[in-house]
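Engineer: My structure is below; once you've seen it, I'll send some questions.
Chains as they are written, first to last, in our numbering: chain A, 1 to 255; chain B, 1001 to 1539.
In structure tokens, the structure reads:
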């Protein structure tokens, strides 16, 4: 099995400013439930940052706030130093988001969806086909691109969403449970690509329930519990002497 | 039975979005839903009032004319009207309610029989239509009871048979709706085929029903002529009439027997072929032989506009419900150009002289445009794809304008065609001619922008069938009300001016109204520009 190494060592020192800064983020849903409470963290270029927590802990809420999908009341989110609330379009142009459920436009064909993303993110005409070809071949989806998305399986939709997120070369990639629904080969391809992107200076922030993947893939990890950050830092530091699983269970049970 | 009730309960809760009104955690949201439900109830009360008013005026006119023997046709006419309305509204509900519903996998994996699933789906259709039948027919029955002298049996038979009235039109609509879907599914471009079939059918029936309304002079009695007209429009209405109003037990038995048998046959046949039918209807053409080739590129606005237009064309239901106003407008104006306005006005029983028609023609065309708009459900239709709209780096105004542009794409060519046909038919002055194009165009922008704003404020993203947001949502209803208010404003102003004898030129008032509409367009577009980001962010 391929051994993933933290990419930060590959990057020069001068690019180590945060690509994603979350400062004191709080989100209270209508009805009074506080889903995220004073959360702060930073993701730098070259980081593969794993975001862990049990169901309802506030992972998806945080991710949706970071990507501009969900409005929030308190705190600040900065993408490459730009305030998400002040410059939402600029911030969104620098990142890509893959939700936990790949609900795409089912009335479009796969290639129409990718061309739509290409137009929205202004991918130059000359590079568009080659970028699509590169990722679609790796995920073995090229032959299916002419078919309606409505005819795709869950995994194929997930692959298409990933390709759509990658073709515009985001500087910050935000993924919510990206490995759910992917076959083992596609999951391996995605991990390889994540690692390659980090080597190129991209920052990756993703949530997962698969602790082995987080432990193996991430150079930084944050554990969220009841909307608050329970632990955050380099993977080695967070897990200490034990495994990430034992550390996670200890934190979650210790309420 | 418990399974059936459990399935039906879940469907009713989802279809009418009831839980949001009673269990939403946010008080504001709950208040909004309750208020909207109140508005819906109010509109139903208005329809009941209209049915009562129409029945009462008809009965009154018949009594004054000394034709009391015709009073029994009042409930008969309303029954035929309710059945025809049920038939047409149900054709387009079959795909989404009976077949092709989103929670199919979930429902079919439950330990219940296919027949129970079918029965729950058919019952949902039945309940929706029964409700409609009651609000149309109960007032007619009351009027007949008050004004006519019905036999005692009527008071027992009328309430009981109300529950049987929707059965036959539901069966007819279900068979036709599934038939259209089945035929369309044979083609690669199934949506286009389905759309053309549905549109042709609707127009054919509109023209036929107008033809059926014309009574032949050959009949010896008015009664026979009325019976013939009803019979042509909906034959079982005559069995109903004979059975319920005249106490003819044979006719009553025929009506009840045929209704029950045909309905039972639908449930039996449908449950027998349900799964193969569902598979065929939801199967997609897959080729998996795509080869990458150079692609057309464009601006973000173009990309969004093309995406919206593709979404529009992908749903025959969406097109049928939002383009019908434009289609009818074009048919009306071309009818006027080909047959002359006097003949058309006589055919449609419209009053007025050439001068009146020349003055009000822009308002008539604008009225057709106000009947429907694509934007009133365009936000809700994002459904589970909302995350894409909110996460892409596009100015919210661009996004909203791409939705507005679809409505203009549907309506502006119709405005142009209507204008040209009316210029040919009415030979207006250059000033009047200009208004033939300007007012409907301004109105088209107005209804599109208003529909968009209303849907931004009253979205529904949790629909299981798009029928819910396209045909039955509050935003569509409110947009229609906004359109009608826009048309009603100058008409009311003219009526008031006439009543209070205020000297006012109708042409002058309509010009002022056109300018006002242009100004309103500017205001609404400015509001979308100013607050679009906040409104989208709040979704």
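Note that the Cβ used here is the ideal one computed from N, Cα and C, for glycine as well.
Find the residues of chain B that neighbour residue 148(A), judging by a C-beta separation of less than 7 Å, and give them in chain order.
Structural biologist: As a working note, residue 148(A) is residue 148 in the first chain. In chain order: 1284.
Engineer: Quick check: what's the CA-CA separation for residue 1384(B) versus residue 1498(B)?
Structural biologist: Counting from one through the second chain, the residue named residue 1384(B) turns up at place 384. Counting from one through the second chain, the residue named residue 1498(B) turns up at place 498. Using only the alpha carbons, I get a separation of about 52 Å.
Engineer: Would DSSP call residue 1394(B) helix, strand or coil?
Structural biologist: Within the second chain, residue 1394(B) is the residue found at index 394, counting from 1. Residue state, collapsed to three classes: coil.
Engineer: Would you say the region 95 to 110 of chain A touches the region 56 to 76 of chain A, given that touching needs at least three Cβ pairs under 8 Å?
Structural biologist: yes
Engineer: Distance check for residue 1083(B) and residue 168(A), CA to CA, integer angstroms please.
Structural biologist: Here residue 168(A) is taken as the residue at index 168 of the first chain, counted from 1. Here residue 1083(B) is taken as the residue at index 83 of the second chain, counted from 1. The straight-line gap from Cα to Cα measures roughly 55 Å.
Engineer: Are three or more beta carbon pairs between the region 1259 to 1277 of chain B and the region 1157 to 1172 of chain B nearer than 8 Å?
Structural biologist: By the C-beta criterion, the region 1259 to 1277 of chain B is judged to be in contact with the region 1157 to 1172 of chain B, since at least 3 inter-stretch pairs fall below 8 Å.
Engineer: Check each candidate in 1316(B), 1144(B) and 1469(B) and name the one with the smallest Cα separation from residue 1056(B).
Structural biologist: Indexing the second chain from 1 puts residue 1056(B) at position 56. Distance from the Cα of residue 1056(B) is smallest, within the candidate group 1316(B), 1144(B) and 1469(B), for 1144(B).
Engineer: Give the residues of chain C in contact with residue 92(A), contact being defined as C-beta atoms less than 7 Å apart.
Structural biologist: Absence of chain C from the displayed structure is noted, the protein chains being A and B.
Engineer: What in chain A is Cβ-close to residue 1294(B), meaning under 7 Å?
Structural biologist: The count along the second chain starts at 1 and reaches residue 1294(B) at position 294. Near residue 1294(B) (Cβ distances below 7 Å), the residues of chain A are 129.
Engineer: Name the chain A residues that come within less than 9 Å of residue 1299(B), Cβ to Cβ?
Structural biologist: What you label residue 1299(B) is simply residue 299 of the second chain in a count that begins at 1. By Cβ distance, chain A contributes 119 and 122.
Engineer: Counting only runs of 3+ residues fully inside the region 146 to 222 of chain A, write out the beta strand (DSSP E) ranges in chain order.
Structural biologist: 172 to 176 and 203 to 207
Engineer: Express the C-alpha separation of residue 1070(B) and residue 1219(B) in angstroms, rounding to a whole number.
Structural biologist: Translated into the one-based positions of the second chain, residue 1219(B) becomes position 219. Translated into the one-based positions of the second chain, residue 1070(B) becomes position 70. With a pLDDT of 41 at residue 1219(B), under the threshold of 50, the predicted position of this residue should be treated as unreliable, and no value is reported.
Engineer: Give the DSSP-derived three-state secondary structure of residue 123(A) in the structure shown.
Structural biologist: Within the first chain, the letter at position 123 stands for residue 123(A). Residue state, collapsed to three classes: coil.
Engineer: Going along chain A, which residues have a C-beta under 7 Å from residue 1288(B)?
Structural biologist: Along the second chain, one-based indexing puts residue 1288(B) at 288. Those within 7 Å of residue 1288(B) in chain A are 143, 144 and 147.
Engineer: Give me the Cα-Cα distance between residue 1373(B) and residue 1397(B), rounded to the nearest whole angstrom.
Structural biologist: Position 373 of the second chain, counted from the first residue, corresponds to residue 1373(B). Position 397 of the second chain, counted from the first residue, corresponds to residue 1397(B). Cα to Cα, residue 1373(B) sits roughly 19 Å from residue 1397(B).
Engineer: Where does residue 1466(B) fall in DSSP's three states?
Structural biologist: Against the second chain, residue 1466(B) aligns to sequence position 466. Residue state, collapsed to three classes: helix.
Engineer: State the DSSP-derived secondary structure class of residue 1422(B), mapped to helix, strand or coil.
Structural biologist: Your numbering for residue 1422(B) matches position 422 in the second chain. It is helical.
Engineer: Starting from the C-beta of residue 1520(B), find all residues in its chain whose C-beta is less than 6 Å away, skip the five residues before and the five after it, and write them out in chain order.
Structural biologist: Counting from one through the second chain, the residue named residue 1520(B) turns up at place 520. The answer, listed in chain order, is 1446.
Engineer: Assuming residue 1524(B) and residue 1449(B) are in contact, meaning their beta carbons sit under 8 Å apart, how far apart are those beta carbons, in whole angstroms?
Structural biologist: Position 524 of the second chain, counting from 1, holds the residue named residue 1524(B). Position 449 of the second chain, counting from 1, holds the residue named residue 1449(B). With a Cβ gap of about 4 Å, residue 1524(B) and residue 1449(B) count as contacting.
Engineer: Inspect the CB distances between the region 169 to 183 of chain A and the region 197 to 215 of chain A and report whether three or more fall short of 8 Å.
Structural biologist: yes
Engineer: What residues of chain B sit near residue 99(A), judged by a beta carbon separation below 7 Å?
Structural biologist: Counted from its first residue, the first chain places residue 99(A) at position 99. Going along chain B in sequence order, the residues near residue 99(A) (Cβ under 7 Å) are 1387.
Engineer: Please classify residue 17(A): is it buried, with 16 or more other beta-carbons within 10 angstroms of its beta-carbon, or exposed?
Structural biologist: Counted from its first residue, the first chain places residue 17(A) at position 17. Result: exposed.
Engineer: Please report how far the alpha carbon of residue 1160(B) lies from the alpha carbon of residue 1085(B), in whole angstroms.
Structural biologist: Here residue 1160(B) is taken as the residue at index 160 of the second chain, counted from 1. Here residue 1085(B) is taken as the residue at index 85 of the second chain, counted from 1. Distance between the alpha carbons of residue 1160(B) and residue 1085(B) is about 21 Å.
Engineer: Return no unless some Cβ of chain A is closer than 9 Å to the Cβ of residue 1383(B).
Structural biologist: Locating residue 1383(B) in the second chain gives position 383, where the first residue counts as 1. Output row for residue 1383(B): interface = yes.
Engineer: Under 8 Å Cβ-Cβ, which residues of chain A neighbour residue 1409(B)?
Structural biologist: Position 409 of the second chain, counted from the first residue, corresponds to residue 1409(B). Those within 8 Å of residue 1409(B) in chain A number zero; the least Cβ separation is about 17 Å.
Engineer: Is residue 1469(B) close to chain A? Criterion is C-beta to C-beta, closer than 9 Å.
Structural biologist: Locating residue 1469(B) in the second chain gives position 469, counting from the first residue. Not one chain A Cβ lies under 9 Å of residue 1469(B).
Engineer: Nearest CA to the CA of residue 1482(B): which residue from 1031(B), 1166(B), 1164(B) and 1451(B)?
Structural biologist: As a first step, residue 1482(B) is located in the second chain; it is residue number 482 there, counting from the start. Nearest of 1031(B), 1166(B), 1164(B) and 1451(B) to residue 1482(B), Cα basis: 1451(B).
Engineer: Is it a yes or a no for the region 211 to 231 of chain A touching the region 32 to 40 of chain A, going by three-plus beta-carbon pairs under 8 Å?
Structural biologist: yes
Engineer: On the CB-based measure, 16 or more other CB atoms within 10 Å of its CB, does residue 1304(B) come out buried or exposed?
Structural biologist: Locating residue 1304(B) in the second chain gives position 304, counting from the first residue. Residue 1304(B) comes out buried.
Engineer: My understanding is that residue 1321(B) touches residue 1470(B), with C-beta atoms under 8 Å, so please give their C-beta distance in whole angstroms.
Structural biologist: The residue labelled residue 1321(B) in the question sits at position 321 within the second chain. The residue labelled residue 1470(B) in the question sits at position 470 within the second chain. About 5 Å; that satisfies the 8 Å criterion.
Engineer: By the three-class DSSP mapping on this structure, what secondary structure does residue 95(A) have?
Structural biologist: To locate residue 95(A), count along the first chain from 1; it is residue 95. Reduced to three states, the DSSP call for residue 95(A) is strand.
Engineer: Which residues in chain A sit within 8 Å of residue 1102(B), going by Cβ to Cβ distance?
Structural biologist: Walking along the second chain from the start, residue 1102(B) turns up at place 102. Under the 8 Å cutoff, chain A gives no residues; its nearest Cβ is about 11 Å from residue 1102(B).
Engineer: Looking at chain A, which residues of the region 1304 to 1328 of chain B have a Cβ within less than 7 Å of any of its Cβ atoms?
Structural biologist: 1307, 1310, 1311 and 1314
Engineer: Any idea what DSSP makes of residue 144(A), helix, strand or coil?
Structural biologist: Taking the first chain and counting its residues from 1, the one referred to as residue 144(A) is at position 144. Three-state DSSP puts residue 144(A) in a helix.
Engineer: Is residue 1047(B) helix, strand or coil by DSSP?
Structural biologist: Here residue 1047(B) refers to the residue found at position 47 of the second chain. In the structure shown, residue 1047(B) sits in a helix (DSSP, three-state: H, G or I).
Engineer: Output the distance between the C-alpha atoms of residue 1081(B) and residue 1140(B), rounded to the nearest integer angstrom.
Structural biologist: Mapped onto the second chain, residue 1081(B) falls at position 81. Mapped onto the second chain, residue 1140(B) falls at position 140. The alpha-carbon atoms of residue 1081(B) and residue 1140(B) are separated by roughly 11 Å.
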